[in-house]
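Colleague: When the sequence shown is numbered by our numbering, its final residue is 172 and no position is left out of the sequence of numbers.
Where a beta carbon is used, it is the ideal one built from N, C-alpha and C, also for glycine.
Here's a structure for you.
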Amino acid sequence: MKILSVFLLLFMFSCNKESTPESALEDFINYRFESGQSKEDILEMTTGPLYEKLNSLTEEELQKFTDVKDLSKRRLKVLIKNCEEDTCYLTYVLRYVKGNETPRDYSVEVKKIAQVNKVEEKWLLSDVSNVKTYIESKKELKIEEE
C-alpha cells in the first residue's frame, strides 16, 4: 500500500507543469501553429505592449494573424536566457516550413528576442522583436506590398 501511495504522489507532482519563461514561450509558439486560435486564448498568454497590440487588432487583422494554413513548426531553440527578478529576455531561433507538397514552398528560420514577465506567479509574453530572418525557397517568392 505504501508503494502505491508513493507512485500516486509522484504521478500527481509530475503532471503539474511548472511555469517558466521557456515554457510560456513554447506554449505561445505551439499555440500559434494550431488552427482554431482565439483572441481570448492568445490574450491570456500575453501582457504589456504585446497584449495591447493584439487586443487592438481588427477582425480582419486577427484573421490574418491567426492564419497558419500550410505552416508547420520544425524546431524551437532558446539560445540565451537573461533574467532579472520578474523579467526575462529569451533569444531564440524558430524554424518552420510552408507548403504541403514536397519539396516545401520554403523554409524559414527566424531569430527573435522575447520579453517574458512574471504576473501573479505566471509567466506571460510581453514583447517580441525580430533580430534576423532567413528564408530558403524552392520556388519563386511572391512578395506582397502592405
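My guess is that Y77 and L69 are in contact by the Cβ rule of under 8 Å, so how many angstroms apart are they, rounded?
Modeller: 6 Å between Cβ atoms; contact.
Colleague: Relative to the alpha-carbon of T73, which residue among Q63, K164 and A140 has its alpha-carbon at the smallest distance?
Modeller: Selected option, being the one with the closest Cα: A140.
Colleague: If distances are taken between C-alpha atoms only, which option among E60, E111, F91 and I161 comes closest to E147?
Modeller: Here the closest residue by C-alpha is E111.
Colleague: With respect to 7 Å, is the separation between the Cβ of K164 and the closest non-hydrogen atom of the ligand ATP below this value?
Modeller: Absence of the ligand ATP from the depicted structure is noted, as is the absence of any ligand whatsoever, leaving it without description.
Colleague: Using 8 Å for Cβ pairs, my map puts Y151 next to K138. What's the rounded Cβ distance?
Modeller: Strictly speaking, residue 151 in this sequence is Leu, with Tyr absent from that position. Not quite, the Cβ-Cβ distance comes to about 11 Å (not below 8 Å), so this is no contact.
Colleague: Output the distance between the C-alpha atoms of D93 and E48, rounded to the nearest integer angstrom.
Modeller: Rounded to the nearest angstrom, the two C-alpha atoms are 24 Å apart.
Colleague: Would you kindly report the start and end of the unbroken alpha helix (DSSP H) that includes Q89?
Modeller: Where Q89 is concerned, the enclosing alpha helix (DSSP H) stretches over E85 to T92.
Colleague: Could you give the DSSP three-state label for E146: helix, strand or coil?
Modeller: Three-state result, E146: coil.
Colleague: What do you get for I161, buried or exposed, if any count of 16 or more other CB atoms within 10 angstroms of its CB means buried?
Modeller: That one is exposed.
Colleague: In the DSSP assignment, find the unbroken alpha helix (DSSP H) run with K65 in it and report its ends.
Modeller: Run containing K65: K65 to E70, per the alpha helix (DSSP H) assignment.
Colleague: So, at 8 Å on beta carbons, what are the nonlocal neighbours of Y132 in its own chain, with the 5 sequence-adjacent residues on each side left out?
Modeller: The residues are V123, K124, G125, I161, E162, S163, K164, K165 and L167.
Colleague: Is it the case that the Cβ atoms of L116 and V104 are separated by a distance below 8 Å?
Modeller: In contact: L116 and V104 (Cβ atoms closer than 8 Å).
Colleague: For the beta strand (DSSP E) that I106 lies in, which residues bound it at each end?
Modeller: L97 to E110 is the extent of the beta strand (DSSP E) around I106.
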